[in-house]
Amino acid sequence: MQERYCDCGKSVLVDFTPKNHDWLATFWEHYSNSGRKTQICPGCGRPLHIHTLR
Ligand SMILES: [Zn+2]
């Protein structure tokens, strides 16, 4: 997993799965020991896209 940052500064964890010569990115909310899948930033609520995260 990699840690990425939204424009708002909130960190999320990204897991990459190979799929059809590309990568499927799954986003997880960043908690200390656990997390859950999410499609939006837990900080600002914007949809998460791998290419817009830092
Ligand atoms: Zn955000």
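Residue numbering for the sequence shown follows the working numbering, starting at 43 and increasing by one per position. Glycine residues also receive a C-beta, built at the ideal position from the N, C-alpha and C atoms. Predicted, not measured: the structure shown is a model, and the values here were computed from it.
- In the structure shown, the three-state DSSP call for residue 59 is strand.
- Excluding sequence positions up to five before and after residue 81, its CB lies within less than 8 Å of the CB of 69, 89 and 90, all in the same chain and listed in chain order.
- In this chain, the beta strand (DSSP E) harbouring residue 46 covers 44-47.
- In the structure shown, the three-state DSSP call for residue 94 is helix.
- Counted as a single uninterrupted DSSP element, the beta strand (DSSP E) harbouring residue 68 occupies residues 64-71.
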